[in-house]
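In the numbering used here, each residue's number is its place in the sequence shown (first place is 1) plus 161.
So the structure is just underneath, and the comments pick up after that.
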Amino acid sequence: MGRCGGWIKIIALVLVTFLTSCGGTGGGPSDSGKPFVFEGRGRLSLIPQLKIEEPTVLTIIATLLDPQGNPFRNQRVTFEAEFPDATIVPANTPQNISLACLPPGSSGNATRCTNRGAAITNDLGQAQVTVIAGLTLGSMRITAEAPVNLNISSAISVNITSQGFIGSQGLFGILPTSVLFVNPLVGPETDPNKLPFTIFTAVGGFPPYRWDHTNTKLGRIDPQGIPNINQQAKYTLIGPIPVPDDEVLTDEVRITDSRGNTRTAEVTVIFATCTLQLSAATIAFNGAFGGETFDIRILDGVPPFTAAHTFPAAGTLTVNNTTAVVTYTVETPPLAVAPDNVLIRDSRGCVGTAAVTIVPGVAGILLTADPVTINGVTGGTSTITAFVFDNNNEPLADYTILFATDLGTLSAATVVTGADGKATVTLTIPAGTPAGEATVAALPPNSSTPAEVTVTITEPAP
């Protein structure tokens with residue numbers, strides 16, 4: 162196949178207007194003596210690929226990265242072409258509803274649905290769609306948007322002629338030009354499949370491309386994408402880091418095209434103490450009976466998040482990475498703590514803390530006996546029932562009640578209340594018991610005063 166090799170069939174082209182990306186982070190370490198400021202937004206870049214044998218078909222690859230250059234997986238990226246007669250596959254189903262689509266030949270925008278598409282990002286943070294040219298000629302803008310909560314979009318422009326898409330190799334470059342890793346989890350015990358990484362992409366120039374880098378102690382680089390073109394490369398931190406030599410905290414990634422042109426990108430790794438801003442620093446549950454909740458909102462973190470606390474028995478923590486919320490739920494029955502310190506950590510290692518105080522409410526308890534008298538000569542039994550309730554007279558479930566008696570025996574010393582708030586034991590008085598009284602006591606959690614009920618022991622006249 163000659164000098165061109167197998168790669169000539171599919172060539173990645175940067176079209177007339179250079180891609181523009183919103184978001185991203187800086188690439189250098191923080192200045193000495195100055196506070197380090199994190200940028201919370203990510204980066205969305207678009208790469209067009211033109212098939213020489215099908216000039217009316219263009220592939221768009223969107224790469225969605227977080228502020229550290231790590232891929233955003235399983236995110237829906239939506240695409241829209243400026244020209245309404247263009248077609249994007251796969252379609253953006255929620256927008257392309259049947260009522261919004263007019264059949265060919267109708268008045269109005271007959272193809273408004275076809276120029277919208279959507280795809281889900283893979284493990285490399287990439288979503289791919291196919292754009293098919295229509296009859297409209299000229300420069301067409303293609304936009305891509307990440308999910309609304311990420312607030313990231315990007316766009317490129319492409320030229321359409323009567324022969325299809327027209328491309329130019331354009332200016333040679335590398336994207337992103339810098340990547341910053343903050344407090345990455347890299348060490349001898351790190352799972353190799355979970356090492357931090359980012360994706361670099363060549364734009365313009367003349368493929369095939371060759372990738373290398375200067376600091377082999379810090380990371381490794383592996384070509385990705387179409388074989389023998391190598392338009393992309395995966396850069397993975399390998400560490401272990403940090404080490405005393407500051408030089409290993411930076412790396413230079415180089416790409417060289419087939420004509421010897423070279424471009425570089427910078428990789429920086431820093432370890433910094435950073436604090437998350439939380440919606441609440443102190444949380445108080447006063448008069449708690451169990452099941453109460455509080456949402457701690459993370460205002461400036463980068464997911465995924467983890468959460469832990471000092472007293473796991475006091476409550477449960479539920480992390481929602483989508484909404485950046487950690488929910489604290491008081492256990493039933495509540496445990497008095499002052500405080501239960503909650504520590505929340507984001508993907509950069511930044512931490513935030515909240516102090517939770519729990520003051521249990523004093524449960525009400527009503528103790529009854531049925532029957533209230535037992536024949537001491539023959540002996541007998543009485544059912545003792547404790548009804549436990551809160552300040553609103555609502556039953557309290559899952560409360561452990563302690564029972565004791567000064568006469569006879571009980572079927573159990575502790576019983577847990579059911580959904581009806583009741584716990585039941587049986588008092589047994591043996592035959593031949595002299596006349597008198599048996600006092601049964603029941604004590605709910607977080608209470609120092611037991612409830613009591615009296616069962617009378619009779620001795621009927623002969």
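For each residue, glycine too, the CB sits at the ideal point set by N, CA and C.
Note that the structure is a prediction, hence the values are computed from the model and not measured.
Check, Outcome
"Same chain, Cβ closer than 6 Å to ALA631, neighbours up to 5 away in sequence not counted", "Since the first residue shown for the chain is 162 and the last is 623, residue 631 is missing from the structure and cannot be characterised."
"Anticipated Cβ contact below 8 Å, PHE450 with LEU604, distance rounded", "The Cβ separation is near 16 Å, so there is no contact."
"ILE293 to VAL364 span [Cα, whole Å]", "21 Å"
"C-alpha gap between PHE472 and PRO353, whole angstroms", "32 Å"
"Buried versus exposed, by CB contacts within 10 Å (16 or more), PRO606", "buried"
"ASN231, DSSP secondary structure in three states", "coil"
"Rounded C-alpha distance that separates GLY357 from LEU205", "Gly is not the amino acid found at residue 357; the sequence shown has Pro there. The alpha-carbon atoms of PRO357 and LEU205 are separated by roughly 18 Å."
"Residue from THR282, ALA602 and SER608 whose Cα sits closest to the Cα of THR570", "ALA602"
"Segment contact flag, the stretch 276 to 284 with the stretch 239 to 246, C-beta cutoff 8 Å, min 3 pairs", "yes"
"Cβ pair count under 8 Å reaching 3, the stretch 220 to 231 against the stretch 297 to 308", "yes"
"Rounded straight-line distance, which links the Cα of VAL520 to that of SER609", "15 Å"
"THR434 versus VAL343 - alpha carbon distance", "10 Å"
"Start-to-end residues for the beta strand (DSSP E) that takes in LYS355", "Unbroken run through LYS355: none, as it is neither H nor E."
"Per DSSP, cross-strand counterpart(s) of ALA442", "DSSP, once it has assigned bridges, lists no residue as partnering ALA442."
"Reduced DSSP secondary structure (H/G/I, E/B, other) of ALA475", "helix"
"Distance CB(ALA474)-CB(GLU492) smaller than 8 Å", "yes"
"Of the residues ALA599, CYS274 and PHE233, the one placed nearest ALA252, counting alpha carbons only", "CYS274"
"Run of the beta strand (DSSP E) containing GLN287, from where it starts to where it stops", "287 to 293"
"GLY167, buried or exposed, once every other Cβ within 10 Å from all chains shown has been counted against 16", "At GLY167, the pLDDT of 39 sits below 50, so the modelled position is not reliable; the number obtained from the coordinates is stated separately. Looking at its Cβ environment, which holds fewer than 16 other Cβ atoms inside 10 Å, GLY167 is exposed."
"Beta bridge counterpart(s) of TYR396 as assigned by DSSP", "THR359 and ILE382"
"Proximity of LEU219 and LEU211 at Cβ, strictly below 8 Å", "yes"
"Inter-residue Cα distance where the pair is ASN312 and PRO345", "24 Å"
"Distance cut-off 7 Å: THR585 Cβ against heavy atoms of the ligand FMN", "Of ligands this structure carries none, so the ligand FMN is not represented either."
"Sequence-distant residues of the same chain with beta carbon closer than 6 Å to LEU460, five excluded per side", "GLN438"
"Top-ranked residue by Cα proximity to LEU588, from PRO369, VAL533, GLY582 and ASP551", "VAL533"
"As assigned by DSSP and simplified to three states, the class of PRO264", "Any answer about PRO264 is weak, because its pLDDT of 46 lies below 50 and its placement is not dependable; what the coordinates show is given next. Of the three classes helix, strand and coil, the one that applies to PRO264 here is coil, per DSSP."
"Alpha-carbon spacing of THR443 relative to ALA516, whole angstroms", "5 Å"
"Contact set for GLY203: own chain, Cβ-Cβ below 8 Å, skip 5 residues either direction", "GLY184, GLY185, LEU225, LEU226, ASP227, PRO228, PHE233, ALA307, LEU311 and ILE313"
"Residues bridged to ALA307 (per DSSP)", "In the DSSP output, where bridge partners are listed per residue, ALA307 has none listed."
"Complete alpha helix (DSSP H) runs within the stretch 492 to 572 (minimum length 4 residues, chain order)", "none"
"Classification of PHE367 by the beta-carbon crowding that lies within 10 angstroms, buried from 16 upward", "exposed"
"Spatial neighbours of GLY141 in its chain, beta-carbon cut-off 6 Å, leaving aside the 5 residues before and after", "Residue 141 cannot be examined here, being either before or after the span of the chain that is shown, 162 to 623."
"Beta-bridge pairing of GLU453 - partner residues as DSSP gives them", "Looking at the DSSP assignment, GLU453 forms no beta bridge with any residue, so it has no partner."
"Alpha carbon of PRO621 to alpha carbon of ILE535, nearest angstrom", "10 Å"
"Span separating the alpha-carbon of PRO611 from that of THR600", "12 Å"
"Cβ-based neighbour list, ARG381, same chain, cut-off 7 Å, excluding 5 preceding and 5 following", "THR397 and ILE399"
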